[in-house]
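First up is the structure itself, then whatever we jot down about it.
Protein chains: 2
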Amino acid sequence: MTEPSAEGRDPEAVSKFVESFAAQLVEAGMQRMPARVFAALLSSDPGSLTSAELGEQLQVSPAAVSGAVRYLAQQHMVSREREPGSRRERYRVSSNQWYEALTNRDAVLKRWEHALREGVDSLGARSPAGRRLAETLAFFEFLDGEIAKVMERWRVHREQQYGADGVA
Amino acid sequence: MTEPSAEGRDPEAVSKFVESFAAQLVEAGMQRMPARVFAALLSSDPGSLTSAELGEQLQVSPAAVSGAVRYLAQQHMVSREREPGSRRERYRVSSNQWYEALTNRDAVLKRWEHALREGVDSLGARSPAGRRLAETLAFFEFLDGEIAKVMERWRVHREQQYGADGVA
DNA sequence: CGCTACTTTCAGAAACTTGTGAAGTTAAGG
DNA sequence: CCTTAACTTCACAAGTTTCTGAAAGTAGCG
Numbered sequence: 001m002t003e004p005s006a007e008g009r010d011p012e013a014v015s016k017f018v019e020s021f022a023a024q025l026v027e028a029g030m031q032r033m034p035a036r037v038f039a040a041l042l043s044s045d046p047g048s049l050t051s052a053e054l055g056e057q058l059q060v061s062p063a064a065v066s067g068a069v070r071y072l073a074q075q076h077m078v079s080r081e082r083e084p085g086s087r088r089e090r091y092r093v094s095s096n097q098w099y100e101a102l103t104n105r106d107a108v109l110k111r112w113e114h115a116l117r118e119g120v121d122s123l124g125a126r127s128p129a130g131r132r133l134a135e136t137l138a139f140f141e142f143l144d145g146e147i148a149k150v151m152e153r154w155r156v157h158r159e160q161q162y163g164a165d166g167v168a
Numbered sequence: 001m002t003e004p005s006a007e008g009r010d011p012e013a014v015s016k017f018v019e020s021f022a023a024q025l026v027e028a029g030m031q032r033m034p035a036r037v038f039a040a041l042l043s044s045d046p047g048s049l050t051s052a053e054l055g056e057q058l059q060v061s062p063a064a065v066s067g068a069v070r071y072l073a074q075q076h077m078v079s080r081e082r083e084p085g086s087r088r089e090r091y092r093v094s095s096n097q098w099y100e101a102l103t104n105r106d107a108v109l110k111r112w113e114h115a116l117r118e119g120v121d122s123l124g125a126r127s128p129a130g131r132r133l134a135e136t137l138a139f140f141e142f143l144d145g146e147i148a149k150v151m152e153r154w155r156v157h158r159e160q161q162y163g164a165d166g167v168a
């Protein structure tokens with residue numbers, strides 16, 4: 001709604017999107033501040049913002065930005081770049097990178113699989129419970145492979161659609 | 001480890017699995033008590049436990065069990081059944097059901113898509129930010145379809161492997 | 001129809017999380 | 001090298017979540 005007539009971005013519209021998208025991420029289990037920072041980056045025109053810009057737009061302290069960004073970088077959802085000739089840092093989200101990270105829940109899956117394997121082991125592979133765990137494990141192992149294939153298909157699909165290869 | 005020699009389940013081994021699997025679920029964003037209850041059900045031989053059994057095994061109050069179970073039922077991760085001729089309730093996890101529920105993050109995806117659509121709309125589909133959001137949206141829409149297909153392939157795969165159709 | 005076994009709801013105490021301000025660290029530029 | 005802009009770390013206060021005990025609700029069974 002409120003399709004912007006031309007140049008200037010309406011800061012209120014941006015903020016509205018940031019908060020509502022962040023809220024969804026929070027509901028899905030993400031911490032609030034990383035979610036807000038991420039949404040702000042995603043909806044910035046250049047796809048990147050400085051620490052100060054983030055702090056101002058979200059009305060939070062530099063400390064909060066710092067923590068959020070560290071988390072996002074660990075999850076490979078944003079990358080940090082130093083502005084040359086300045087001690088200012090920019091945080092950037094590139095569309096491919098971030099949703100590839102989303103599906104790279106690899107680490108999570110691997111840990112689930114590990115816990116399940118231990119469970120099968122210690123409950124006995126032939127007990128009913130053990131068999132249930134084993135089947136669950138098999139499902140996740142199957143998923144591992146499928147996720148990679150889905151991402152591959154997406155890359156193809158996307159290239160056909162947009163010819164895009166690097167929307168900033 | 002500690003492969004059980006025969007019948008009796010080692011309550012300590014069970015508890016160790018429950019807590020470690022629950023911890024992984026928590027890390028992935030699930031609340032602690034639902035995670036523990038769920039792990040307990042998953043690793044029970046019959047695949048179901050009563051409220052009292054859960055309370056005892058996990059050392060928590062009936063109130064806590066009640067809350068956790070309500071949440072799990074809402075997410076379709078367990079089903080509730082009334083024991084005939086008793087006011088006792090049993091909570092059950094059936095392997096297929098639960099991980100199908102896991103991938104039925106449909107609701108979550110839909111809400112993300114909704115928020116993104118509003119974002120594209122209000123930032124303008126032709127602005128750089130709008131285009132980024134649109135691409136993200138396209139990705140999720142693509143995912144919607146792929147998830148269904150993956151689950152379908154899993155059902156086939158599983159049937160070939162186990163011939164299984166309803167491991168309790 | 002009331003008793004009792006069970007589950008749910010609710011208010012509040014305890015534990016945990018989250019964001020802040022202030023002090024500490026790093027490195028650009030004179 | 002010193003100054004200073006910028007980021008990071010840390011202790012703590014505010015806010016939130018989570019679990020409990022107690023009271024209320026529900027439904028089998030005599």
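So the sequence lines, in the order shown, correspond to chains A and B. Numbered by the UniProt record's numbering, the letters in the first sequence go through residues 1 to 168 in order. Numbered by the UniProt record's numbering, the letters in the second sequence go through residues 1 to 168 in order. From the three backbone atoms N, C-alpha and C, an ideal C-beta is built for every residue, glycine too. Remember, it's a predicted structure, so these values are computed and weren't measured experimentally.
Cross-strand partners of residue i (DSSP beta bridge)
i	result
L49 (chain A)	A:Y91
Secondary structure of residue i, DSSP reduced to three states
i	result
E81 (chain A)	strand
M151 (chain B)	helix
residue 169 (chain A)	Residue 169 (chain A) falls outside the range modelled here, since chain A spans only 1 to 168, and no answer is possible.
F17 (chain A)	helix
S86 (chain B)	coil
H76 (chain A)	coil
M30 (chain B)	coil
A134 (chain B)	helix
G67 (chain B)	helix
V108 (chain A)	helix
S122 (chain A)	helix
A23 (chain B)	helix
Q57 (chain A)	helix
D10 (chain B)	coil
Contacts that residue i makes with chain A (C-beta to C-beta distance below 9 Å)
i	result
Y91 (chain B)	What Y91 (chain B) touches in chain A: nothing, since even the nearest Cβ is about 15 Å away.
R155 (chain B)	Result: empty, since nearest Cβ-Cβ is about 10 Å, beyond 9 Å.
R136 (chain B)	A quick correction: the sequence has Thr, not Arg, at residue 136 (chain B). Neighbours of T136 (chain B) on chain A, chain order: L42, S95, W98 and Y99.
Q57 (chain B)	The contacting residues do not exist; Q57 (chain B) stays about 13 Å from chain A at best.
Supposed contact pair residue j and residue i - C-beta distance, whole angstroms, cut 8 Å
i	j	result
V108 (chain B)	V150 (chain A)	Incorrect: roughly 17 Å between the Cβ atoms, too far for contact.
R9 (chain B)	L123 (chain A)	7 Å
G55 (chain A)	S48 (chain A)	Wrong, their Cβ atoms sit about 15 Å apart, outside the cutoff.
R80 (chain B)	V69 (chain B)	7 Å
A35 (chain B)	L25 (chain B)	4 Å
A40 (chain B)	L58 (chain B)	6 Å
W154 (chain B)	F142 (chain A)	6 Å
S127 (chain B)	D45 (chain A)	6 Å
residue 179 (chain B)	M33 (chain B)	What the structure shows of chain B is the stretch from 1 to 168, and residue 179 (chain B) is not part of that stretch, so it cannot be assessed.
Any non-hydrogen atom of the ligand FAD within 7 Å of residue i CB
i	result
S122 (chain A)	Questions concerning the ligand FAD fall outside what the structure shown contains, since it holds no ligand whatsoever.
Contact list for residue i against chain B, beta-carbon separation under 9 Å
i	result
S48 (chain A)	Going along chain B, no residue has its Cβ under 9 Å from S48 (chain A), so there is no contact; the nearest lies around 11 Å.
E118 (chain A)	M1, K16, F17, S20 and F21
V150 (chain A)	F142, L143, E146, I147, K149 and V150
Per-residue contacts from residue i into chain A (C-beta, under 8 Å)
i	result
D45 (chain B)	S127, P128 and A129
F38 (chain B)	Under the 8 Å cutoff, chain A gives no residues; its nearest Cβ is about 11 Å from F38 (chain B).
V108 (chain B)	Q24, E27 and A28
Listed by chain order, chain B residues near residue i by CB distance under 8 Å
i	result
G29 (chain A)	A28, G29 and M30
residue 170 (chain A)	Because chain A spans 1 through 168 in this model, residue 170 (chain A) falls outside it and cannot be assessed.
Contact set between residue i and chain A, taken where Cβ atoms lie within less than 7 Å
i	result
F139 (chain B)	Y99 and W154
R132 (chain B)	L42, G47, S95 and V167
Q24 (chain B)	R111, W112 and A115
Interface residues of chain B facing residue i [CB-CB closer than 7 Å]
i	result
L72 (chain A)	Per Cβ cutoff of 7 Å: no residues; L72 (chain A) is ~16 Å from chain B at best.
V78 (chain A)	Simply none; closest approach about 13 Å.
*Counting pairs of beta carbons, one from the region 13-20 of chain A and one from the region 112-123 of chain B, are three or more of them closer than 8 Å?*
Enough Cβ pairs lie closer than 8 Å, so yes.
*Decide if the region 128-148 of chain A is in contact with the region 85-96 of chain A; the criterion is three or more beta carbon pairs, one per stretch, under 8 Å apart.*
No: fewer than three Cβ pairs fall under 8 Å.
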